[in-house]
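For the sequence shown, the numbering used here begins at 5 and goes up steadily by one.
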Amino acid sequence: MPNFFPSRLSHQTVQFFSEVGGPLLNLDVLLFILTFLPYHDLIAMMRSCHFLYTQGLKILIRNQPDIVMRGKTAMGFLGFILVKPELRARHLRALSPTFRMLTPKIAQSLRIVLEHAHNLEILSLDECEYLARLDPSIIPAICGLKKLKQINLQGIGETWGKMLKVFDAPLVHADIVIDHPWLLDAAPDASCMLTKCARTLLYLTTNARFRSVCHYDKVVGLELLNNDVRDIGPLIESFPNLQKLTINLTSWWVAKSYLLDASDIELSAIRTQNQRRQQHNSWEKLSYLQGDARSLYVLGLHTRVRLLTLDMRPNYFIYIPPIKYGRAVISDTRPDQLALQIRYGDFEEDDLARLLNGLSLKFLTLDVLIQEEDELDERDIAGLFYMLAEGLADTEITHILIFVSDVDDPDRPMSPVVDALLQRIDLYRGARYFLKFVRHLLYLRISTLADEQDAAWRVVNYEDGVFLDPIPAIGDLSKFGEDLPECSRLRRHLSRKIPEV
5 MPNFFPSRLS HQTVQFFSEV GGPLLNLDVL LFILTFLPYH DLIAMMRSCH
55 FLYTQGLKIL IRNQPDIVMR GKTAMGFLGF ILVKPELRAR HLRALSPTFR
105 MLTPKIAQSL RIVLEHAHNL EILSLDECEY LARLDPSIIP AICGLKKLKQ
155 INLQGIGETW GKMLKVFDAP LVHADIVIDH PWLLDAAPDA SCMLTKCART
205 LLYLTTNARF RSVCHYDKVV GLELLNNDVR DIGPLIESFP NLQKLTINLT
255 SWWVAKSYLL DASDIELSAI RTQNQRRQQH NSWEKLSYLQ GDARSLYVLG
305 LHTRVRLLTL DMRPNYFIYI PPIKYGRAVI SDTRPDQLAL QIRYGDFEED
355 DLARLLNGLS LKFLTLDVLI QEEDELDERD IAGLFYMLAE GLADTEITHI
405 LIFVSDVDDP DRPMSPVVDA LLQRIDLYRG ARYFLKFVRH LLYLRISTLA
455 DEQDAAWRVV NYEDGVFLDP IPAIGDLSKF GEDLPECSRL RRHLSRKIPE
505 V
């Protein structure tokens, strides 16, 4: 076994497995344990336990889909496969290598592995165009993978675009990010991309454009990393059975906005045109809609949805969308549940009132972004809760979820400064504000990413007043506590009557 990983296993552990071995070890238990080990520890164990070699080899190679191999780990893994590529590569089910610096040797090694990985189901590659320049044969190698179900290709160009037009595999999930030209309207048309996979494709994420009609009848989830919705017609006809649509501009390094410099008059004209288009054809099955207020306003959907996630934060941290954009989107889609994303300091109580008053909305999620540079303290967070509660005073809302964090990118950890702040805030104090102002409140949950800062309450009515009844902060978030079993609580367990706040 090649020794390309320094083992972190202790000498005593390796010696134990070496000496015991044979029938004294429960093979099933050991194989179960092996699935939780990092690659270098797993290889060290296999070196010391020769009788585990065959099974251990398969476990090592059958990579878990959520594991991304980086740097030296990826290099070592490829080298391990290349010892006997025709025997070892066939065990691969998922491959997600990333490299700090691509070289011709790395590209060649990856290509050889892919040529023999006939059972590969999941593939994720970065810097695809550069990879193909280093070894052009890597594209035919990927075309030969006939069992792929999920593919993630980042940084593709014209060469890969041609390949995707003829690519034929039983794909279910595809994530395709192109190298966008500086001139946005010169971006390639993605309408004929993966059309030979259309019989199985269910979920598609891309920053490419759809300017002509190609039928993706099976696709139920579409995530657009651009907002080129200046003509909704091709989108509706290409994805007739869409159930979830997301316009995601938060990943600014790949996402592109075609509406950033458009005036209010221009946006209104595009919206009117898109609404005319829907008089003859629309997304009847659409249940989930997500995006920034500007893009969704222009999209002009007149389809009732189950969940609307509306981003009222500034695009590219430049323009704060007008309240009328958000109000129009909510009125058009009439969601059963609204998830509102806002940034601390951008909203006042009057803004919330103008956005939500007069609507028959019952379920609301507020996702509040705070930032380290805001230099907030506990009083600021208490003021935030007060402002939100006062802004919801005249609404019909009965169930509220509130999330407070500084995370606008799932790959970025929370700031230690913000984490320390969230550890100190008084959630119950904030809950009392909502009980005081929100007249129809039945359920409230306030959550942060900080440890143990997650609490939920039901509102209970007694002869002597209205109280917050603490309940477990568990269950499906989309159920707003409705999936929790009803339980009677002793009067002494009820929160004390609300003091003046």
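Just so it is clear, CB atoms sit at the ideal spot from N, CA and C, and this is done for glycine as well.
Since this is a predicted model, take the numbers as computed values, not measurements.
In the structure shown, Met73 adopts extended strand secondary structure according to DSSP, grouped into three states. Between the region 230-237 and the region 260-277 there are three or more inter-stretch CB-CB distances shorter than 8 Å, so the stretches are counted as touching. Per the coordinates, the alpha-carbon of Leu114 lies some 49 Å from the alpha-carbon of Pro326. Where Tyr447 is concerned, the enclosing beta strand (DSSP E) starts and stops at 447-452.
Between the C-alpha atoms of Gly387 and Leu370 there is a straight-line separation of about 15 Å.
Taking the C-beta atoms as reference points, Leu453 is found nearer than 7 Å to Met418.
When the five nearest sequence neighbours on each side are left out, the beta carbons in the same chain lying within less than 6 Å of the beta carbon of Gly225 are those of Tyr207, Lys248, in order along the chain. The C-beta distance from Ile251 to Ser299 rounds to 5 Å, short enough to meet the 8 Å contact threshold. Asp480 is classed as exposed because its beta carbon has fewer than 16 other beta carbons within 10 Å across all chains shown. Given a length threshold of 3 residues, each whole run of the beta strand (DSSP E) inside the region 364-391 is given here in chain order: 367-373. Proximity to Asp130 across Leu439, Asp45, Ile116, Ile110 peaks at Ile110, based on C-alpha coordinates.
With 16 or more neighbouring CB atoms inside 10 Å of its own CB, Gln341 falls in the buried class. DSSP links Phe407 through a beta bridge to Asp371, Ser451. Taking C-beta separations shorter than 8 Å and ignoring five residues to either side along the sequence, the partners of Lys151 in its chain run His122, Asn123, Leu124, Glu125, Ala173, Pro174, following chain order.
In this structure Leu138 is not in contact with Val117, their Cβ atoms being roughly 15 Å apart against a cut-off of 8 Å. Inclusion of Tyr348 and Asp315 in the CB contact set at 7 Å is not warranted, their separation being larger than that value.
Leu392 is the residue among Leu392, Pro420, Gln294 whose C-alpha sits nearest the C-alpha of Asp354. Closest in C-alpha terms to Ile406, from the list Lys440, Ile385, Leu448, comes Leu448. The C-beta of Ala78 has 16 or more other C-beta atoms within 10 Å across all chains shown, which makes the residue buried. In the assembly as shown, Gly485 is a buried residue. Its beta-carbon has 16 or more other beta-carbons within 10 Å.
Its chain contains Phe214 as the residues whose beta carbon lies nearer than 6 Å to that of Leu239, once the 5 sequence neighbours on both sides are disregarded; these appear in chain order. When secondary structure is reduced to three states using DSSP, Val117 falls in the helix class.
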